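Presented below is the structure to which this report refers.
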Amino acid sequence: MVQFLKEAAHVRPSQKQLNWFSMEMYAFIHFSPNTFTDLEWGDGTEPESVFNPTRLDCDQWVAAIKAAGLKGMVLTAKHHDGFCLWPSRYTEHSVKNCPVPRDIVGEAAEACKRGGIKFGFYLSPWDRNSKYYGTPAYNDYFCNQLTELLTQYGDIFYVWFDNACGEGPNGKKQQYDFPRYFELIHKYQPNAVIFNDFGPDIRWCGNEAGIARHSEWAVVPTELCRYATAQTGAGPMADQGDLSYMYNTDQEIGTLSNILYSKGLAFVPSEINMSIRPGWFWHEKEEPHSLERLFNTYLTSVGANACFHLNIPPTREGLLDERDVKRLKEFGDLIRQEFGMPIAASVEKVAGCPATQPKYTVTFDKPVRSLKYVVLSEEIAEGQRVESFRITADFASGGQYALYQGTCIGHKHICQLQDPFAHQNPLIDDSTPEIRQLTVQVTAARDEVLMKEITVY
Ligand code: FUL
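At the far end of the sequence shown sits residue 515, using the working numbering, and the numbering has no gaps.
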């Protein structure tokens with residue numbers, strides 16, 4: 059059991075997963091004939107002539123994305139309707155047959171390069187237009203298109219695969235050949251991470267509403283992420299049960315009691331994706347979500363050991379909607395305001411604590427009246443280890459108060475604190491409403507804790 063925990067603690071990310079984690083937030087751009095037909099899922103019969111953005115300006119997209127602090131863009135090169143935003147050689151259903159033929163993938167990739175953000179694409183395996191769909195020839199068609207995208211647009215940081223799999227016109231479902239698709243990506247863009255429900259690099263959080271689970275482990279059973287490589291042996295209870303039931307929507311994916319049944323663990327962090335509006339595509343009547351909702355999602359995604367993939371859909375003109383542009387700027391401003399200036403403090407590790415239960419004191423240069431967040435971060439290049447922790451405050455008047463309890467940390471855990479002076483507690487002395495020091499105590503970990511950061515805002 060202890061041996062297995064130690065193995066679990068040493069499941070490590072690849073360099074490209076670390077690069078992805080450090081981006082924290084990036085944009086999704088959903089753009090297709092759906093934008094013009096007011097649909098979320100086109101059926102592939104839409105004439106190319108409907109796709110007619112009259113003021114397309116990918117630099118405007120990039121400027122708005124950067125104002126929000128997002129570090130990359132993922133464009134729907136092809137959604138389920140099969141329409142290609144680049145002039146693919148393998149189909150006529152693309153931008154090349156539009157009123158104004160242009161290569162939107164190329165323009166977006168160039169705009170990202172100019173703006174200094176990363177570029178990636180979404181390519182839907184479900185294709186409601188292709189005559190090959192539902193036959194083995196479709197996988198060739200898909201690989202040809204994937205190769206075009208991987209070889210014509212410079213560095214790709216992310217390839218995002220949707221697992222949606224509807225019925226083809228011939229009534230057949232397509233067997234997607236994911237291992238073959240992954241091989242092409244490894245060959246042409248070895249630094250790109252791959253998103254898929256089942257790994258290999260990044261997994262789906264299980265909903266499209268921006269809701270993270272309370273413990274979002276990056277170390278998960280390969281029963282869930284079957285395309286990822288196991289870095290451990292089987293858990294001590296693997297022969298007494300099995301995890302084949304496991305899916306992304308489950309609440310407890312990486313928790314200790316579950317992983318004991320696993321045949322092996324892999325490093326596959328989660329992405330929280332949602333749209334700034336109710337739909338993934340632009341619809342005139344929809345409004346962007348509130349700033350509060352976006353900010354809360356930030357706290358429960360980036361702040362909960364995941365990345366935040368925020369969709370902003372261009373309008374029929376080919377611009378981001380001014381309402382969304384405004385919200386993006388407000389969102390970026392709020393993050394900069396809340397996390398721009400840490401409270402001056404010195405962090406020390408308390409001597410003599412067990413390696414799996416270390417304690418750290420955070421002593422403020424000057425006692426503080428209020429604090430909002432404690433940001434914790436583990437050295438995840440070495441693995442994810444912390445199972446639980448607590449934070450207590452030492453008041454200037456001598457009393458001590460439990461401020462926060464949390465589970466896993468990983469890349470980043472943003473602890474949003476309650477005002478300790480808001481509720482009177484007769485058992486503690488908070489007669490002087492000032493906090494002198496915090497104590498961060500890890501209460502359980504899978505192996506020696508390597509804390510990278512403790513910052514207070
Ligand atoms: C889903 C799709 O069906 C939606 O249209 C959207 O693209 C979302 C990001 O993924 O599976």
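Just so it is clear, CB atoms sit at the ideal spot from N, CA and C, and this is done for glycine as well.
Just so we're clear, the structure is a prediction, and the values are computed from it rather than from any experiment.
Keeping to the same chain, check which residues put their C-beta closer than 7 Å to that of residue i; ignore five residues upstream and five downstream.
i	result
D423	A402 and A403
Q531	Since the first residue shown for the chain is 59 and the last is 515, residue 531 is missing from the structure and cannot be characterised.
A286	G257, P258, T280, A324 and V326
A67	G441, R443, R504 and D505
H151	E106, G140, F141, C142 and N187
T501	Q415, S446, F447 and R448
E388	L349
I57	Coverage of the chain is limited to positions 59 through 515, which leaves residue 57 absent and any answer about it impossible.
H272	T465
A169	C116, D117, W119 and V120
A362	A270, E274 and H471
Are there any heavy atoms of the ligand FUL lying less than 6 Å away from the beta-carbon of residue i, as far as the coordinates show?
i	result
D255	no
A292	no
D213	no
In the DSSP assignment, what are the bridge partners of residue i?
i	result
D255	G257
D452	Q458 and Q495
L181	K136 and F219
A364	S328
H469	BP columns for H469 are empty, so no partner.
C142	K136 and S152
I401	Beta-bridge pairing links I401 to no other residue.
Y199	None, per the DSSP bridge assignment.
W262	E329
Y418	K407 and V498
Q247	Note: Q247 sits in no beta bridge, so no partner.
G464	F447
S315	According to DSSP, which records beta bridges pairwise, S315 is partnered with nothing at all.
G130	K176
I87	L133
I123	I123 pairs with nothing; no bridge assigned.
R431	The amino acid at residue 431 is misidentified as Arg; the sequence shows Tyr. Per DSSP, Q474.
T307	Paired residues: none, contrary to the question.
Here's the rule I'm using: 16 or more other beta-carbon atoms within 10 Å means buried, otherwise exposed. How should residue i be labelled?
i	result
G312	buried
E281	buried
D220	buried
R385	buried
G192	buried
Y303	exposed
Y418	buried
C161	It should be pointed out that residue 161 corresponds to Asp in this sequence rather than to Cys. Classification for D161: buried.
G299	exposed
T112	exposed
Y305	exposed
D452	buried
T103	exposed
V158	exposed
H469	buried
E436	buried
Just to confirm my understanding: we take residue i, look at its own chain, exclude 5 residues before and 5 after, and list those with CB closer than 6 Å. What are they?
i	result
V217	I243, A250 and I252
L133	I87, A166 and F179
H137	S90 and S182
S359	A270, I330 and F366
E266	M332
V433	I472 and T513
Within a Cβ cutoff of 8 Å, which residues of the same chain sit near residue i, ignoring the five residues on either side of it in sequence?
i	result
M295	L318 and Y319
H341	D96 and R335
G291	F62, E65 and G322
K430	E396, Q474, L475 and Y515
G456	D487
I'd like to know whether the C-beta of residue i is nearer than 7 Å to at least one C-beta of chain D.
i	result
L392	Considering every chain present, this structure includes no chain D. It has just one protein chain.
Fill in: Environment of the ligand FUL in chain order, Cβ to heavy atom below 5 Å
Residues flagged by the Cβ proximity filter: D220, A222 and W338.
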